[in-house]
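Novice: From first to last, the protein sequence lines are chains A and B. Going by the working numbering, 46 is the number at position 46 of the first sequence; the sequence numbering is gapless. The number in the working numbering is simply the position in the second sequence, starting from 1, with 144 added. Cβ coordinates follow ideal geometry from the N, Cα and C atoms, glycine included. The following block contains the structure, expressed as C-alpha cells.
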Amino acid sequence: MGIRNEAALVVGCGTLGSEIADELCDNGYNVTVMDWNADAFHLLDTSFDGARITADATCATELEQAGAKTADIVIAVTDSDAKNVFIAETASAVFGVSTVYARVEDESIGGLLDDWNIELLCPHRLCLNEFASLEGLTESEQPA
Amino acid sequence: MKAALTGGSGRIDYLLHALIAHQVAVAVVNPDKALCERLAARYDITVVNGNPTDRPVLEDADIQGFDVLIALSDSDEENLVACQLAQRYFGIAHQICVVSDPANVTVFRKIGIDLVIDSTSLLASAIEAGEQTVAGALASERNDRTRGSRSSHFAASEPRPGDDDPFEADETLAFAEAPDRYARPQTRTFAPAPAQAAHPKTLSAHLTGRLPHLHQA
Chain A
1 MGIRNEAALV VGCGTLGSEI ADELCDNGYN VTVMDWNADA FHLLDTSFDG
51 ARITADATCA TELEQAGAKT ADIVIAVTDS DAKNVFIAET ASAVFGVSTV
101 YARVEDESIG GLLDDWNIEL LCPHRLCLNE FASLEGLTES EQPA
Chain B
145 MKAALTGGSG RIDYLLHALI AHQVAVAVVN PDKALCERLA ARYDITVVNG
195 NPTDRPVLED ADIQGFDVLI ALSDSDEENL VACQLAQRYF GIAHQICVVS
245 DPANVTVFRK IGIDLVIDST SLLASAIEAG EQTVAGALAS ERNDRTRGSR
295 SSHFAASEPR PGDDDPFEAD ETLAFAEAPD RYARPQTRTF APAPAQAAHP
345 KTLSAHLTGR LPHLHQA
C-alpha cells in the first residue's frame, strides 16, 4: 500500500478503466470511478474501496459532481474517442485539473489534445512501440 | 461562402434549404446513409456518408478552407470533435455547434468553439415565453384544419413533408453505383431563392448577426 493521498477520477469502467482504478486504489490514491452503466463496476476488484458513480460523463455538471473539479488526476478511458476528448478537455481546460490522461485510438483525434496539457494513451501506438522494442526495430516515425 | 454541415437529422433539410437560398456552397457529412441518399437526390451539393469525427471522411468531403462548419449531431462530444477537427486540420475558422446538454455550453465556449447553440434551452425558453403563443398557434391550426389547410407552419411556397416532397420519388435516382459517397461537381445552378418561411429567416438573421463577413458571397 502506498501513501499517495491524491484524488483520482477514472471515467469509464471497462477492462482498462477498472484495472487503472484498482491499480490506483492499491497505490493509496483516493479513487472515484464513473460509468453510465452500473453493471460495469463488477469488473473492479473486490478489494476496491473507492467510490462508484453511475452518471453520464458527457455532461459537464455530472463530471463536476463526480469530483472532476477537485481531482488531482483525471483519466478518460471510455470506449469512445470523442467522449474521452470531451472529458479530458473539460477536466483540463475548464476544471483546471493538472494531470489528465485520455485514451484515444484515432491519432487524428489524438492530435486535438496537443493544444492542452493532456497525456495521450494511444493503445495501438503503445503496442507498436512495445513490439518494436521487443523485436529490436528502429522506432517508426509517428505520422503527422 | 462555404459551409460544412455535419451530423443531424430532420432539421438538416430545412437548414440546407435556407443556406442554398442564400447562395451558400454546402457540403454535408452524415452517418445516416438513407438521409444522405435523400439529400443528394434533392440538392445539387456534396454529400458524404460517414462519421464526421473521422478525419478521412471530412477529407472526402473536400472542406479544406471552408468558412464555417455547422455541427448538428445529437451527441455533444461528436460535435465537439467535428468542430475541433475542422479548426485544426481543415483551416475552418468558424464553427457553429449545437449542444443538447445546456451544462456543456460554457465548456464548449471555454474550449474555443466559435458559436455554441443551446438547442434544449432555446426550446425550453421558447415554451416558457410563448405558452400563450403556442396555445394560440395550436388553436389557429385547429381552425385552419377545419377549413381544410394541412398545416399553419409552412408558407405556401415552402415544401411540406409528404406534400410535393421529392424525397420518396427520388429515392431510386442516380446513386445505385456510389454506395458510400455522393459527391457532386462543384458547379451548381441555384434555383431562384424561394420565398422565405419563418425558419430560414430566423437562421439568416442569426448568421448575419454573428458572422457578417461570411455573407459576402
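With DSSP run on the structure shown, which of helix, strand or coil describes residue 238(B)?
Specialist: The three-state reading of DSSP puts residue 238(B) in strand, counting E and B together.
Novice: Quick check for students: name the residue ranges of the beta strand (DSSP E) that lie wholly in the region 191–279 of chain B, counting only runs of 3 or more.
Specialist: 212–215, 238–243 and 259–262
Novice: Classify residue 182(B) as buried or exposed, calling it buried when 16 or more other Cβ atoms lie within 10 Å of its own Cβ.
Specialist: buried
Novice: Is the region 223–231 of chain B touching the region 153–166 of chain B, taking contact as three or more C-beta pairs under 8 Å?
Specialist: no
Novice: Can you check whether the C-beta of residue 248(B) is within less than 8 Å of a C-beta belonging to chain A?
Specialist: yes
Novice: With 16 as the cutoff for other CB atoms within 10 Å, does residue 92(A) come out buried or exposed?
Specialist: By the neighbour-count rule (16 or more Cβ atoms within 10 Å), residue 92(A) is buried.
Novice: Which class does residue 4(A) belong to by DSSP, given the choice of helix, strand or coil?
Specialist: Of the three classes helix, strand and coil, the one that applies to residue 4(A) here is coil, per DSSP.
Novice: Going along the chain, which residues of the region 104–128 of chain A sit with their C-beta nearer than 7 Å to a C-beta in chain B?
Specialist: 108, 109, 111 and 112
Novice: Let's see if you can read the secondary structure: which residues bound the alpha helix (DSSP H) around residue 82(A)?
Specialist: First-last of the alpha helix (DSSP H) with residue 82(A): 81–89.
Novice: Short of 7 Å Cβ to Cβ, which residues in the region 250–261 of chain B face chain A?
Specialist: 251, 254 and 255
Novice: Got a sec: which bits of the region 54–70 of chain A sit with their beta carbon under 7 Å from any beta carbon on chain B, in order along the chain?
Specialist: 58, 59, 60 and 61
Novice: Please classify residue 17(A): is it buried, with 16 or more other beta-carbons within 10 angstroms of its beta-carbon, or exposed?
Specialist: Note on residue 17(A): 16 or more other CB atoms within 10 angstroms of its CB, so buried under the neighbour-count rule.
Novice: Grouping DSSP H, G and I as helix and E and B as strand, with all else coil, what is residue 107(A)?
Specialist: Helix at residue 107(A).
Novice: Would you say residue 88(A) faces chain B, with C-beta separation under 8 Å as the test?
Specialist: Closer than 8 Å: no.
Novice: With distances taken between CB atoms, is the gap from residue 165(B) to residue 190(B) smaller than 8 Å?
Specialist: no
Novice: Taking 7 Å as the cut-off, is the beta-carbon of residue 233(B) closer than that to any non-hydrogen atom of the ligand FMN?
Specialist: This structure lacks the ligand FMN, and indeed carries no ligand of any kind.
Novice: Give the interface partners of residue 228(B) over in chain A, defined as CB-CB distance under 8 Å, in chain order.
Specialist: 85 and 112
Novice: With DSSP run on the structure shown, which of helix, strand or coil describes residue 283(B)?
Specialist: Taken through DSSP and simplified to helix, strand or coil, residue 283(B) comes out as helix.
Novice: Please tell me whether residue 30(A) and residue 5(A) are closer than 8 Å, where the distance is taken between their beta carbons.
Specialist: In this structure, residue 5(A) lies closer than 8 Å to residue 30(A) by Cβ.
Novice: In chain order, which continuous runs of the alpha helix (DSSP H) of length 4 or greater are located wholly inside the region 8–44 of chain A?
Specialist: Counting only runs of 4 or more, we get 15–26.
Novice: Would you check if the region 63–71 of chain A and the region 209–216 of chain B touch, i.e. whether three or more CB-CB distances between them fall below 8 Å?
Specialist: The region 209–216 of chain B is not in contact with the region 63–71 of chain A.
Novice: Looking at the structure shown, is residue 156(B) part of a helix, part of a strand, or coil, going by DSSP?
Specialist: Look at residue 156(B) here: in three-state DSSP terms it is helix.
Novice: What are the residues that DSSP puts in a beta bridge with residue 146(B)?
Specialist: Answer is 169(B), bridged to residue 146(B).
Novice: Residues of the region 150–162 of chain B in Cβ contact with chain A at a cutoff of 9 Å, in chain order, please.
Specialist: none
Novice: Could you tell me whether the Cβ atoms of residue 249(B) and residue 263(B) are closer together than 8 Å?
Specialist: no
Novice: Could you tell me how far apart the beta carbons of residue 104(A) and residue 85(A) are, in whole angstroms, since I believe they sit closer than 8 Å?
Specialist: Correct: roughly 7 Å between the Cβ atoms.
Novice: Could you name the residues of chain B that residue 94(A) contacts, counting a contact when the two beta carbons are closer than 7 Å?
Specialist: 251 and 254
Novice: When you compare each of 194(B), 185(B), 162(B) and 168(B) to residue 151(B) by their alpha carbons, which one comes out closest?
Specialist: 194(B)
Novice: Which class does residue 164(B) belong to by DSSP, given the choice of helix, strand or coil?
Specialist: DSSP places residue 164(B) in the helix class (H, G or I) of the three-state scheme.
Novice: Kindly indicate if chain A contains any beta-carbon less than 8 Å away from that of residue 272(B).
Specialist: no
Novice: Pick helix, strand or coil for residue 60(A), following the three-state DSSP scheme.
Specialist: helix
Novice: Work out the CA separation of residue 236(B) and residue 260(B) for me, nearest whole Å.
Specialist: 16 Å
Novice: Expressed to the nearest angstrom, what Euclidean distance is found between the alpha-carbon atoms of residue 147(B) and residue 265(B)?
Specialist: 25 Å
Novice: Do you know offhand how far residue 108(A)'s Cα is from residue 283(B)'s?
Specialist: 52 Å
Novice: With respect to the alpha helix (DSSP H) encompassing residue 185(B), which residues constitute its N-terminal and C-terminal limits?
Specialist: 177–186
Novice: For residue 101(A), which of 120(A), 94(A), 56(A) and 125(A) has the nearest alpha-carbon?
Specialist: The residue among 120(A), 94(A), 56(A) and 125(A) with its C-alpha nearest the C-alpha of residue 101(A) is 120(A).
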